[in-house]
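Colleague:
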Amino acid sequence: MALAHQARRIAALHRPSFAARGRPLVHPCFINTLECAGVRRGLAVGGALSSPRGDGIPDDSSSRTGKPNGNDNMRRNRSRPASPNPRGGVSPSEALASRSIDMDTVQSSRSYSARPGAQQDGPDGPTPPGFSWPWLVALCTLGIVICYADRSNISTAVLPMAQQFGWDKAYQGVVLSVFFGGYATTQVLGGKLADQFGGKMVLAAGVALWSVFTFATPAAAAAGTLPLLVARVMLGVGEGVAFPSIHSLISRNVPAGNRTTAVGIVTAASYAGTALAFGVSPWIISNFGWEMVFYSFAGLALLWLPFWLPVVTLDKFRSQPSSPISSMESDIEASASTAVAPTASTGATNGSSSTSVAPVDSWALLKRREVWAICGAQYAQSWGMYGLLNWLPTFFSEFYQVELADLGSYTLLPYVFQGVLGAATGFLADWMLRNGWQVGTVRKALQVVGMLGPAACLCLAVSPLVGASASVASNLITLGLGFSALTLGGVSASHLDIAPRNAGLVFGAGNTAATLAGLVSVPVTGYLLQTTGSWPLVFGITAFHYVAGALLWAAWAGDKQLPEDGAPVANTTATAVGK
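UniProt numbering puts the first residue of the sequence shown at 1, with every later residue one more than the last.
(1) For G518, tell me which candidate among Y379, F307, C147 has the shortest Cα-Cα distance.
(2) Whole angstroms is fine: what's the gap from P134's alpha carbon to N253's?
(3) When burial is assigned at 16 or more other CB atoms within 10 Å of the CB, is L303 buried or exposed?
(4) Let me confirm a value: R443 is counted as buried when at least 16 other C-beta atoms fall within 10 Å, else exposed. Which label applies?
(5) Among the candidates R232, F539, F197, A216, whose CA atom is the shortest distance from the CA of G181?
(6) How many angstroms separate the CA atom of G489 from the CA atom of A550?
(7) Are L176 and V158 closer than 8 Å when you measure CB to CB?
(8) Between the C-alpha atoms of Q530 and G173, what's the straight-line distance to the nearest angstrom?
(9) Would you mind sorting F213 into buried or exposed? The rule is 16 or more other CB atoms within 10 Å of its CB.
(10) Kindly indicate which three-state DSSP category A555 falls into: helix, strand or coil?
(11) Could you spell out where the alpha helix (DSSP H) holding G273 opens and where it closes?
(12) Is DSSP giving N253 helix, strand or coil here?
(13) Could you tell me whether the segment 379-399 touches the segment 525-544, where touching means 3 or more Cβ pairs closer than 8 Å?
(14) Apply the 10 Å Cβ neighbour rule to F539 and answer buried if 16 or more other Cβ atoms are within range, or exposed otherwise.
(15) Going by other Cβ atoms of all chains shown within 10 Å of its Cβ, with 16 needed for buried, is A405 buried or exposed?
(16) Check each candidate in A485, V491, L458, D497 and name the one with the smallest Cα separation from N475.
(17) Taking DSSP as the reference, what is the three-state secondary structure of S409?
(18) So, for V416: in the same chain, excluding its five sequence neighbours on each side, which residues have a beta-carbon less than 6 Å away from its beta-carbon?
(19) With V188 and I146 assumed to form a contact (beta carbons below 8 Å), what rounded beta-carbon distance in angstroms separates them?
(20) Buried or exposed: K169, going by 16 or more other Cβ atoms within 10 Å of its Cβ?
(21) Whole angstroms is fine: what's the gap from T441's alpha carbon to G264's?
(22) Please report how far the alpha carbon of Q438 lies from the alpha carbon of Q561, in whole angstroms.
(23) Could you check whether the Cβ of L392 sits closer than 7 Å to any heavy atom belonging to the ligand NAD?
(24) Residues in its own chain within less than 7 Å of W383 by CB, not counting five upstream and five downstream?
(25) With DSSP run on the structure shown, which of helix, strand or coil describes P414?
(26) Are the segment 488-506 and the segment 420-429 touching, with three or more C-beta to C-beta distances below 8 Å?
(27) Drop a sphere of 10 angstroms on the beta-carbon of residue 601, count the other beta-carbons inside from all chains shown, and report buried for 16 or more, exposed for fewer.
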């Protein structure tokens, strides 16, 4: 095909500079994609594209007018005036203008997802040599383990801290929840930065920031109320970019058939991090004091960053303006753009339908009811997740009189079980999709079951049927969190379906809603416990949120890429919330 031929010719032109740098001439997948796709045969007239030079490179108006265009770099060593079409009739550029070219296929020239294990090109890509997408997902998974361990350790440490500093339940709720204020501020911002500039450096900066303030927490607590609250807010600011940047990375570097699996593994790491904090913190406190909890978990970043920074450093070759690969991609993309532009402006001829690419409108995208379904479901389930995460040690300590040293026996298992099922859910969802299940059916079924199940289990955990058995209550909470893990195949992957080009932005919006739930639920729970002391009331409110979120998701969830994300559209009208 013509574009593949262009790629080979450009690679030949750049052969000396490529050899000097010791880099591959051109990604083989890039040429194969062009050859197989054929740009929907829109580059061919009668099955072949002719050229006045006989080299397969389409002529264009700029070569006749003398105005420079994107192909001038490619021809800079061999430009010559165009000659009339030797075959007569319609010129290649006019033929291109009369045919509709599917921009999805043009976009595929910057994507290798058609090949197993391929990586997508974009602000983050391609992943440097030696760093395949499974390795990238593995490092992201470890990053999330550290993230949730650093935020969860205070849930256990707050018990001795409250005794030492004289905090009541209401103030404990403030200390636990103020984190979410900082966390909310960098959700959408982190996603937008990751979509635009790449998520690798964004994630590295976030890990460094939250680790510093995790380490500073004991000193801040000793200094007084304001320093402690500032440290907790800044911890949230750093952690707020983690998931949006990682989901942006997944949308760009992981093949479409493996994305739900990747989302499941990475999100399950949040449960593993929580389990690590709940399992280890009581032992650390009993043997070394509560301060050591923060020092030790902050040090985990020193083990992770040395593995992550080479990914960021080696990826810089992709962003160099003088890079031959960048020049080649610019030439190819400019050629495709030259061919597409007339089609978009004039429409189709000879009975073919007109296809255009909608511009990305972030605000219009965020107004879609499919995005609001994500936000609503995230808010509802996070009311329970964050409330449970922050108050679960206190629940077992007060409601069942479990000693501090024994808390890990009751608080660890639920999150271990949730993490295992969460990772399995990603594989399950991708298996269902590969075996013919509709995307919408998979997303809705897993999400609804994943919200109604926890609602039932939480109500039973504080019912008279359980009596005074902490073990039975722990098993019920474990089962409930196991059901909750199914949502990793639902709302946690939905943004990759409806907005793959703006996955970080949409995920950031949903995670902001989830953060607001934590910002509200944690202090409200503290206030209710301070005034009523009723754990059944707290769990009942949480169950209500789960049920309401399941109903909203079933009504509004979507499974198709939205036009506002830049999807190819033809006379498509947007549906905003309430329409």
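Built from N, CA and C at the ideal position, the CB exists for glycine as well.
These numbers were taken from a predicted model, which means no experiment stands behind them.
Modeller: The answer reads as follows:
(1) Stepping through the sequence shown from its first residue, residue 518 is reached at position 518. A check of alpha carbon separations from G518 across Y379, F307, C147 identifies Y379 as the nearest.
(2) Position 134 of the sequence shown, counting from 1, holds the residue named residue 134. Position 253 of the sequence shown, counting from 1, holds the residue named residue 253. The alpha-carbon of P134 is positioned some 10 Å away from that of N253.
(3) Taking the first residue of the sequence shown as 1, we reach residue 303 at position 303. For L303, the number of other beta carbons within 10 angstroms of its own is below 16, and it is reported as exposed.
(4) Locating residue 443 in the sequence shown gives position 443, where the first residue counts as 1. With 16 or more other Cβ atoms within 10 Å, it is buried.
(5) What you label residue 181 is simply residue 181 of the sequence shown in a count that begins at 1. Comparing Cα positions, the closest option is R232.
(6) Indexing the sequence shown from 1 puts residue 489 at position 489. Indexing the sequence shown from 1 puts residue 550 at position 550. One C-alpha to the other measures close to 14 Å.
(7) Stepping through the sequence shown from its first residue, residue 176 is reached at position 176. Stepping through the sequence shown from its first residue, residue 158 is reached at position 158. Using a Cβ distance threshold of 8 Å, L176 and V158 count as a contacting pair.
(8) Here residue 530 refers to the residue found at position 530 of the sequence shown. Here residue 173 refers to the residue found at position 173 of the sequence shown. Their backbone Cα atoms lie some 10 Å apart in a straight line.
(9) Within the sequence shown, residue 213 is the residue found at index 213, counting from 1. The residue is buried, with at least 16 neighbouring Cβ atoms inside 10 Å.
(10) On the sequence shown, position 555 is the one that residue 555 refers to. Under the three-state reduction of DSSP, A555 is assigned to helix.
(11) Along the sequence shown, one-based indexing puts residue 273 at 273. Taken as a continuous stretch (DSSP letters only), the alpha helix (DSSP H) holding G273 covers 259-288.
(12) The residue you call residue 253 lines up with position 253 of the sequence shown. Three-state DSSP puts N253 in a helix.
(13) Output reads yes: the segment 525-544 touches the segment 379-399.
(14) By 1-based counting over the sequence shown, the position of residue 539 is 539. It counts as buried.
(15) On the sequence shown, position 405 is the one that residue 405 refers to. With fewer than 16 other Cβ atoms from the protein chains shown falling within 10 Å of its own Cβ, A405 counts as exposed.
(16) Translated into positions along the sequence shown, residue 475 becomes position 475. Of A485, V491, L458, D497, the residue nearest in Cα terms is L458.
(17) Taking the sequence shown and counting its residues from 1, the one referred to as residue 409 is at position 409. In the structure shown, S409 sits in a helix (DSSP, three-state: H, G or I).
(18) Start at 1 with the first residue of the sequence shown, and residue 416 comes out as number 416. If we look at V416 and ignore the five residues flanking it on each side, its Cβ neighbours are A275.
(19) Against the sequence shown, residue 188 aligns to sequence position 188. Against the sequence shown, residue 146 aligns to sequence position 146. The beta carbons of V188 and I146 sit about 23 Å from each other, so the pair does not count as a contact at 8 Å.
(20) Within the sequence shown, residue 169 is the residue found at index 169, counting from 1. Taking every protein chain shown into account, the CB of K169 has 16 or more other CB atoms within 10 angstroms, so this residue is buried.
(21) Against the sequence shown, residue 441 aligns to sequence position 441. Against the sequence shown, residue 264 aligns to sequence position 264. Their Cα atoms are separated by approximately 18 Å.
(22) Position 438 of the sequence shown holds residue 438. Position 561 of the sequence shown holds residue 561. Distance between the alpha carbons of Q438 and Q561: 14 Å.
(23) The ligand content of the structure shown is nil, which means the ligand NAD is not present either.
(24) By one-based count along the sequence shown, residue 383 stands at place 383. Within the same chain, W383 has close Cβ partners A517, S521, T542, H545.
(25) Residue 414 sits at position 414 when you count from the first residue of the sequence shown. The DSSP-derived three-state label of P414 is helix.
(26) Yes: at least three Cβ pairs fall under 8 Å.
(27) The chain is shown from 1 up to 579; residue 601 falls before or after that span and cannot be answered.
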